[in-house]
Each structure stands twice: as C-alpha cells, then as structure tokens.
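A short worksheet on the structure shown next.
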Amino acid sequence: MEPFLVHIRCDTDGYTHAVTEEEFAVGRHEGRFRAVCGHVVLAAPMIEEPGRFDPVCRDVLRAGTAQPASVPQQERRRLRWRSRR
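See below:
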C-alpha cells in the first residue's frame with residue numbers, strides 16, 4: 003500500500019512540505035509535523051494558500067528514499083464559498 007501524503011504549509015519558512023499520514027496523526031494535536039525532509043513543520047492556518055513546495059522534500063520524493071516512487075496525486079478542489087458562478 004502506498005503512503006498517503008499531506009501537503010502542509012510551514013508558518014516558519016513559508017514552504018509547503020510533504021508529511022506522511024502517520025506523522026500527521028502523531029502531530030495533529032500540537033500542530034507540529036515532521037516532513038519527509040526532516041523539517042519540523044509548524045502548520046500555518048489552513049485558510050492560507052499553499053506556498054512554494056520545499057525543494058528538499060521534492061528531492062527526497064523524487065529520489066524515493068523516504069517514499070516509494072509512485073506517490074498518489076491529490077487534486078485541489080475549490081472551496082464552495084469562494085467559487086463564483
């Protein structure tokens with residue numbers, strides 16, 4: 003089974019980091035998560051849009067050292083209250 007990744011923007015460095023589902027479960031009460039690159043992510047408010055993707059996380063995911071080569075793609079959905087009709 004492939005790991006599920008959550009992309010969380012860090013409030014301290016402004017980058018969006020990849021966090022595994024297990025690490026997300028561990029840090030959900032404190033709002034601090036360990037990313038696949040090893041950085042401890044202090045979660046920015048979830049209403050903020052994602053920042054630039056962290057280059058170290060990108061390199062780790064591309065190399066496949068922390069995760070298998072195929073990572074499930076996630077689609078972003080528009081928030082209902084922000085959509086214009």
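Counting from 3, one number per residue, gives the positions in the sequence shown under this note's numbering.
By construction, the Cβ of each residue, glycine as well, lies at the ideal position given by its N, Cα and C atoms.
Since this is a predicted model, take the numbers as computed values, not measurements.
Note to self: Taking the beta carbon of H31 as the centre, do at least 16 other beta carbons fall within 10 Å, making it buried, or is it exposed?
What the structure shows: exposed
Notebook entry, point to check: If we ignore side chains and look at the alpha-carbon of each, how far apart do E51 and V8 end up?
Noted result: 14 Å
Notebook entry, point to check: Is it buried or exposed for E25, if we count other Cβ within 10 angstroms and need 16 for buried?
Noted result: buried
Checklist line | chain E contact for V43 (CB, 7 Å cutoff) | finding: This model lacks chain E altogether, as it is built from one protein chain only.
Next item on the list: Quick one: measure Cβ to Cβ for D56 and C39, integer angstroms, because I've assumed they're closer than 8 Å.
Entry: 6 Å
Next item on the list: Taking R54 as the reference, give the member of F6, P5, D15 with the closest Cα.
Entry: D15
Item checked: Beta-carbon proximity of T22 to P5, cut-off 7 Å -> yes
Margin query: What residue range does the alpha helix (DSSP H) around V28 cover?
Written below: 23-29
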